Amino acid sequence: MMDIVTIGETMILFQPVEEKPLQYTSLFSRSIGGAESNVAIGLSRLGKRTRWIGRLGNDPFGGVISGTLASEHVDISKVIRDETHSTSVYFKDVYKLGDPSIYYYRKGSASSEWRPEHVQDDWFIDAQILHMTGITPALGDKTFEFTKECMKRARQLGLTISFDPNIRFKLWDRDIARRALLELIPLCDIFLPGLEEAQFLLGHRSPMELGEEIVKLGPHTVAIKLGEDGAFGMKKNGTSEMVQGLKVNKVIDTVGAGDAFTSGFLAVVADDVHEFSLKKALEWGNKMGSIVIQGKGDWEILPSLYEMKGNKEIIR
Numbered sequence: 034m035m036d037i038v039t040i041g042e043t044m045i046l047f048q049p050v051e052e053k054p055l056q057y058t059s060l061f062s063r064s065i066g067g068a069e070s071n072v073a074i075g076l077s078r079l080g081k082r083t084r085w086i087g088r089l090g091n092d093p094f095g096g097v098i099s100g101t102l103a104s105e106h107v108d109i110s111k112v113i114r115d116e117t118h119s120t121s122v123y124f125k126d127v128y129k130l131g132d133p134s135i136y137y138y139r140k141g142s143a144s145s146e147w148r149p150e151h152v153q154d155d156w157f158i159d160a161q162i163l164h165m166t167g168i169t170p171a172l173g174d175k176t177f178e179f180t181k182e183c184m185k186r187a188r189q190l191g192l193t194i195s196f197d198p199n200i201r202f203k204l205w206d207r208d209i210a211r212r213a214l215l216e217l218i219p220l221c222d223i224f225l226p227g228l229e230e231a232q233f234l235l236g237h238r239s240p241m242e243l244g245e246e247i248v249k250l251g252p253h254t255v256a257i258k259l260g261e262d263g264a265f266g267m268k269k270n271g272t273s274e275m276v277q278g279l280k281v282n283k284v285i286d287t288v289g290a291g292d293a294f295t296s297g298f299l300a301v302v303a304d305d306v307h308e309f310s311l312k313k314a315l316e317w318g319n320k321m322g323s324i325v326i327q328g329k330g331d332w333e334i335l336p337s338l339y340e341m342k343g344n345k346e347i348i349r
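Sequential numbering of the sequence shown, starting at 34, is according to my numbering.
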């Protein structure tokens, strides 16, 4: 029995060992990164049974990704190894604190080859929740249709569908992105945008107004990430909650903060899919995000359940 299934692209990440711009460094550390696998790892560390489904090249980098996820107790039994397309790679420029510069090399990758006919019922039949993001649908028309089919099939099988738009304008045109994401929102039960993403999709409104508009589109729950200001959530029954941001010593790397939030939020949802506490879910998401921005790496600093239950200070 799986608590959560995530489906999406995971890439090999290279970043300079020394705090220098990319063009001046020749020594890199190697890791992995991908929104859905970050969430799977975060949930696994919180004691949830997780499965990541992705399409990897049958190359050494694909092996690194599979091995890393397996070492984090994430189920990889449904991963596809593509014989003719390679594993994606990206570089992160982190010589300045805060938001890093990211350079992607993913054209023609294995992840871009997903098709709707690839979706299998046995990916979902033993799970409670499916989580996806806007990365896979941004990779092309076929991957957009693949994403829709995953969400529809999982819903037919009784899963709760979680979706983070995770908008990357390097991947698609703004108008296309808006139309596509507005088509996907009604297919999900839990929608997890950042404030700027929600405003991009629905206009410049307050979190409360955005929440009211989003639940009209179909989701029964929305959680809007507000960065240092915390998070706002609303359920279709009109219940709403606001949690304040947490103090941190220093923001080192913001990449992965949204995925960390999702991990904390869905960990609470998974405990009781139909009657979960919105406030607790927001608090756990907020706490996870506050921890991960204080270290380097997309997922390496994600906390354990022991830490999340208050046995270690947030400020590291």
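Even for Gly, the Cβ is constructed at its ideal location relative to N, Cα and C. Remember, it's a predicted structure, so these values are computed and weren't measured experimentally.
- Per the coordinates, the alpha-carbon of ILE162 lies some 13 Å from the alpha-carbon of ASP197.
- Considered as a whole, the stretch 81-123 harbours 83-86, 88-90 and 113-115 as its complete beta strand (DSSP E) runs of no fewer than 3 residues, in chain order.
- Straight through space, the alpha carbons of LEU192 and LYS312 are spaced by roughly 22 Å.
- For ILE98 and TYR138, the gap between their C-alpha atoms comes out near 16 Å.
- Of the residues ASP126, GLY41 and MET35, the one whose Cα lies closest to the Cα of HIS106 is MET35.
- By the neighbour-count criterion, in which 16 or more other beta carbons inside 10 Å mark a residue as buried, PRO219 falls on the exposed side.
- Under the three-state reduction of DSSP output, GLU42 falls in the coil class, being neither helix nor strand.
- Inter-residue distance for GLY95 and ARG114 is about 8 Å (C-alpha atoms, whole angstroms).
- One alpha carbon belongs to GLU242, the other to GLU316, and they sit about 21 Å apart.
- Between the stretch 115-129 and the stretch 158-173, the count of Cβ pairs shorter than 8 Å is below three; the stretches do not touch.
- Counting the other CB atoms within 10 Å of its CB gives PHE202 a total below 16, which places it among the exposed residues.
- In the structure shown, the three-state DSSP call for PHE233 is helix.
- At a Cβ-Cβ threshold of 8 Å, LYS125 and VAL288 count as neighbours.
- Per DSSP, the beta-bridge partners of GLY66 are MET44.
- Here the alpha carbon of GLN48 sits roughly 6 Å from the alpha carbon of SER62.
- In the structure shown, GLN161 adopts extended strand secondary structure according to DSSP, grouped into three states.
- A contact is defined here as three or more CB-CB pairs under 8 Å, and the stretch 294-314 fails this definition with respect to the stretch 235-250.
- Between MET267 and ASN91, the alpha-carbon positions lie close to 43 Å from each other.
- With 16 or more neighbouring CB atoms inside 10 Å of its own CB, PRO226 falls in the buried class.
- At the C-beta level, ILE74 and TRP332 come within 8 Å of one another.
- Residue range 240-250 is occupied by the alpha helix (DSSP H) that includes GLU245.
- Membership of THR176 in any beta strand (DSSP E) is not indicated; the residue belongs instead to the alpha helix (DSSP H) covering 174-189.
- C-alpha of HIS253 to C-alpha of ALA213: approximately 20 Å in a straight line.
- In the displayed model, PHE224 falls within a strand according to three-state DSSP.
- Residue range 264-268 is occupied by the beta strand (DSSP E) that includes ALA264, with no alpha helix (DSSP H) assigned at that position.
- Distance check between LEU250 and each of ASP305, VAL281 and LEU215 places LEU215 closest, using alpha-carbon atoms only.
- For ILE168, no beta strand (DSSP E) encloses it; the enclosing alpha helix (DSSP H) starts and ends at 168-171.
- Within the DSSP secondary-structure output, MET275 pairs in a beta bridge with PHE265.
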